[in-house]
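Numbering of the sequence shown is given in my numbering, commencing with residue 4 and proceeding in unit increments.
From the three backbone atoms N, C-alpha and C, an ideal C-beta is built for every residue, glycine too.
Since the structure is predicted, the reported quantities are computational estimates derived from the model, not experimental observations.
Structure, as structure tokens:
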Amino acid sequence: MRMRLKRKFKNTIYIASTLVFGWVITVSGISAMKHLNKLDAVEFRVEGETRFTLPADQADEVDLILKKYKLNYLSKSSIAPEAKILKVDFQQKIEIIPVKVDDEFTFNSIDDLTADLSRNEVEADWYTIVSGDNLWQIAMDRTDVTLTTIQDYNPLLDLNAIIYPGKEILLKPADPVYDVEVHLENIALEPVEFDTIRIKDESLLTSQRVILKEGIEGEKKVVYDITIVNGYPTEVLAIQETVLKQPVSAEVKVGTKRTVGRSGGNNYGVVSGRLSSNYGYRTHPISGRRIFHNGIDLAAPTGTAVYAYADGKVTSVSQDNTLGKYITIDHGGGLKTRYLHLSAYKVSVGDKVTAGQRIGSVGNTGYSTGSHLHFEVLKNGSYVSPWNYI
Ligand SMILES: [Zn+2]
4 MRMRLKRKFK NTIYIASTLV FGWVITVSGI SAMKHLNKLD AVEFRVEGET RFTLPADQAD
64 EVDLILKKYK LNYLSKSSIA PEAKILKVDF QQKIEIIPVK VDDEFTFNSI DDLTADLSRN
124 EVEADWYTIV SGDNLWQIAM DRTDVTLTTI QDYNPLLDLN AIIYPGKEIL LKPADPVYDV
184 EVHLENIALE PVEFDTIRIK DESLLTSQRV ILKEGIEGEK KVVYDITIVN GYPTEVLAIQ
244 ETVLKQPVSA EVKVGTKRTV GRSGGNNYGV VSGRLSSNYG YRTHPISGRR IFHNGIDLAA
304 PTGTAVYAYA DGKVTSVSQD NTLGKYITID HGGGLKTRYL HLSAYKVSVG DKVTAGQRIG
364 SVGNTGYSTG SHLHFEVLKN GSYVSPWNYI
């Protein structure tokens, strides 16, 4: 019993497996037949979505077109030849995937792809300059346009130069359907500003500066990390700075000594009056000769107060036929002032005076044709223009 049953069982297994294998072979045979009628193709996918399906033998051409499209943005961006290009790629995820399609399938053409690549989501915004335009106003009149973006989009435009009517400027570049991002590193040599060390000097006037040492700019190497999208920079980051040459600080002596400067109107500080003869060459009113006038004449009634120009020491209180009654004050630092044709003195030789202190009165003494103050400034013994001081 046991043996017979076993044999029967074996037969059943044999028949069953023959049927199953037969079926498997038949099904795979049909599927293999179908397979022979399929065509090789490539799908052009953007962000996982199929845009075009092309014959497989056009895959290399698609690849070349995409490469050219990307390289076009690289050359448009006027990138320095020595820059290190780190990446040139689409911002969208673009894939070319091999697939099988039925033999009745209608393929897209290469032209469909090139047409799509030239499409813009937003067209470029160009502006034509008209008479009376200025770039600042153009930027002011528009939101999201600034002088910086105008410079970015028009790299050859000089913002400080005159712009002529008819010139076209790009206010906003086109936004293409396919965005290309270029990532690069570039090195620039830039100056390092120098500091100015100011040394206070009590012997100099507040208006005076003496350069003790000229400053010298230094130099640094700056590594920039730059992102360019569709031909225009979107991010420029300085990621590393190396000083190649340290700057040299400038040293300047700055005066702290108070003066009586001109305060407007007829107040010339040293006297209130009317300018009747200027510093420089003139024809002398008495001799008629062309002579150098070494000071300024300020006409004022006899007795008008005359004030010390700055703090100092009275070094002469004297009188002669030419200068009349005059006073000299030494302000230190090689600076002296003289006050001529006075009618009266209020100080003596050796007196210390402060800026604005009354020292005498206007007069018409010496070689003079009317009541006035002749005011002179001497720097290291030479006449200088009083206008640089009052
Ligand atoms: Zn004079």
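Worksheet item: Under three-state DSSP, which class holds residue 131?
Response: For this step, residue 131 is matched to residue 128 along the sequence shown. Of the three classes helix, strand and coil, the one that applies to residue 131 here is strand, per DSSP.
Worksheet item: Should residue 300 be listed as close to ligand 1, given that the test is whether its C-beta is under 6 Å from any heavy atom?
Response: Taking the first residue of the sequence shown as position 1, residue 300 is located at position 297. Residue side-chain check: residue 300 places its Cβ nearer than 6 Å to a non-hydrogen atom of ligand 1.
Worksheet item: Looking only at C-alpha atoms, which of 43, 339, 343 sits nearest to residue 386?
Response: Counted from its first residue, the sequence shown places residue 386 at position 383. When each option's Cα is compared against that of residue 386, the closest is 339.
Practice prompt. Within the same chain, show all residues whose beta-carbon is closer than 6 Å to that of residue 42, passing over the 5 residues directly before and after it, in chain order.
Written response: Locating residue 42 in the sequence shown gives position 39, counting from the first residue. Correct list, in chain order: 104, 106.
Discussion item. Give me the DSSP bridge partner(s) of residue 364.
Written reply: Your numbering for residue 364 matches position 361 in the sequence shown. Its beta-bridge partners are 308, 347.
Discussion item. Nearer than 6 Å: is that true of the beta carbon of residue 377 relative to any heavy atom of ligand 1?
Written reply: As a working mapping, residue 377 is identified with position 374 in the sequence shown. Of the heavy atoms belonging to ligand 1, at least one sits nearer than 6 Å to the Cβ of residue 377.
Practice prompt. Run the CB neighbour count on residue 274, radius 10 Å, all protein chains shown included, and call it buried at 16 or more, exposed below.
Written response: For the purposes of this step, residue 274 is taken as the residue at position 271 of the sequence shown. If you draw a 10 Å sphere on the C-beta of residue 274, you find 16 or more other C-beta atoms in it, and that means buried.
Item to complete: Work out the CA separation of residue 245 and residue 195 for me, nearest whole Å.
Response: Position 192 of the sequence shown, counting from 1, holds the residue named residue 195. Position 242 of the sequence shown, counting from 1, holds the residue named residue 245. C-alpha of residue 195 to C-alpha of residue 245: approximately 11 Å in a straight line.
Worksheet entry | chain B contact for residue 320 (CB, 7 Å cutoff) | As a matter of chain content, chain B is missing from the structure shown, which is built from one protein chain.
Fill in: Pairwise C-alpha distance: residue 101 and residue 5
Walking along the sequence shown from the start, residue 5 turns up at place 2. Walking along the sequence shown from the start, residue 101 turns up at place 98. In this predicted model, residue 5 has a pLDDT of only 46, less than 50, meaning its place in the structure is not dependable; the value taken from the coordinates is given anyway. Cα-Cα distance, rounded: 59 Å.
Fill in: Nearest residue (CA-CA) to residue 127, options 225, 343, 179
Here the question's residue 127 lines up with position 124 in the sequence shown. The residue with the shortest Cα to Cα distance from residue 127 is 179.
Discussion item. What does the alpha-carbon distance come out to for the pair residue 129 and residue 153?
Written reply: Within the sequence shown, numbered from 1, the residue matching residue 129 stands at position 126. Within the sequence shown, numbered from 1, the residue matching residue 153 stands at position 150. Distance between the alpha carbons of residue 129 and residue 153: 11 Å.
Item to complete: Assign residue 86 to one of three DSSP states: helix, strand, or coil.
Response: If you number the sequence shown from 1, residue 86 lands on position 83. In the three-state DSSP reduction, residue 86 falls in the coil class, being neither helix nor strand.
Fill in: Counted within 10 angstroms of its Cβ, other Cβ atoms place residue 272 as buried (16 or more) or exposed
Here residue 272 corresponds to residue number 269 of the sequence shown, with the count starting at 1. With 16 or more Cβ atoms within 10 Å of its Cβ, residue 272 is classed as buried.
Worksheet item: Should residue 200 go down as buried or exposed, given a rule of 16 or more other Cβ atoms within 10 Å for buried?
Response: On the sequence shown, position 197 is the one that residue 200 refers to. Residue burial is scored here from C-beta neighbours: residue 200 has fewer than 16 other C-beta atoms within 10 angstroms and is therefore classed as exposed.
Discussion item. On the DSSP bridge list, what partners appear for residue 55?
Written reply: Within the sequence shown, numbered from 1, the residue matching residue 55 stands at position 52. Paired residue(s): 47.
Practice prompt. Pull up the DSSP beta-bridge partners for residue 114, would you.
Written response: Taking the first residue of the sequence shown as position 1, residue 114 is located at position 111. Residue 114 is not bridged to any residue.
Worksheet entry | Rounded C-alpha distance that separates residue 125 from residue 198 | Position 122 of the sequence shown, counted from the start, is the residue given in the question as residue 125. Position 195 of the sequence shown, counted from the start, is the residue given in the question as residue 198. One Cα belongs to residue 125, the other to residue 198, and the distance between them is close to 48 Å.
Fill in: Simplified DSSP state of residue 173, which is helix, strand or coil
Reading the sequence shown from its first residue, position 170 is the one you call residue 173. In this structure, DSSP gives residue 173 an extended state, which the three-state scheme calls strand.
Practice prompt. Kindly identify the DSSP beta-bridge partner or partners of residue 335.
Written response: Counting from 1 along the sequence shown, the entry for residue 335 is found at position 332. The partner list for residue 335 (beta bridge, DSSP) reads 338.
Worksheet item: Is it true that the CB of residue 76 sits closer than 7 Å to the CB of residue 234?
Response: The residue you call residue 234 lines up with position 231 of the sequence shown. The residue you call residue 76 lines up with position 73 of the sequence shown. The Cβ atoms of residue 234 and residue 76 lie closer than 7 Å to each other.
Fill in: Through-space distance from residue 327 to residue 309, alpha-carbon basis
Taking the first residue of the sequence shown as position 1, residue 309 is located at position 306. Taking the first residue of the sequence shown as position 1, residue 327 is located at position 324. The alpha-carbon atoms of residue 309 and residue 327 are separated by roughly 15 Å.
Discussion item. Within the continuous beta strand (DSSP E) that includes residue 284, where are the two ends?
Written reply: Walking along the sequence shown from the start, residue 284 turns up at place 281. Residue 284 -> beta strand (DSSP E) spans 283-286.
Practice prompt. Please determine if the region 346-366 and the region 298-308 are in contact, where contact requires at least 3 C-beta pairs separated by less than 8 Å.
Written response: Short answer: they touch.
Worksheet item: Quick one, which of 216, 349, 276, 145 has its alpha-carbon nearest residue 373's?
Response: Position 370 of the sequence shown, counted from the start, is the residue given in the question as residue 373. The residue with the shortest Cα to Cα distance from residue 373 is 276.
Worksheet entry | Alpha-carbon to alpha-carbon, residue 193 and residue 86 | As a working note, residue 86 is residue 83 in the sequence shown. As a working note, residue 193 is residue 190 in the sequence shown. Between residue 86 and residue 193, the C-alpha separation is close to 16 Å.
Fill in: Straight-line Cα distance separating residue 255 from residue 214
Counting from one through the sequence shown, the residue named residue 214 turns up at place 211. Counting from one through the sequence shown, the residue named residue 255 turns up at place 252. In this structure, the straight-line span from the alpha carbon of residue 214 to that of residue 255 is close to 4 Å.
Discussion item. Excluding the 5 residues flanking residue 223 on each side, which residues of the same chain have their C-beta closer than 7 Å to its C-beta?
Written reply: Counting from one through the sequence shown, the residue named residue 223 turns up at place 220. Leaving aside the five residues that flank residue 223 on each side, the residues in its chain whose CB is nearer than 7 Å to its CB run, in chain order, 193, 195, 244, 245, 246, 247.
Fill in: Classification of residue 258 by the beta-carbon crowding that lies within 10 angstroms, buried from 16 upward
In the sequence shown, residue 258 corresponds to position 255, counting from 1. A buried status is given to residue 258, since no fewer than 16 other beta-carbon atoms sit within 10 Å of its beta-carbon.
Worksheet item: Under a three-way DSSP split, which group does residue 202 fall into?
Response: Within the sequence shown, residue 202 is the residue found at index 199, counting from 1. Note: residue 202 maps to strand in three-state DSSP.
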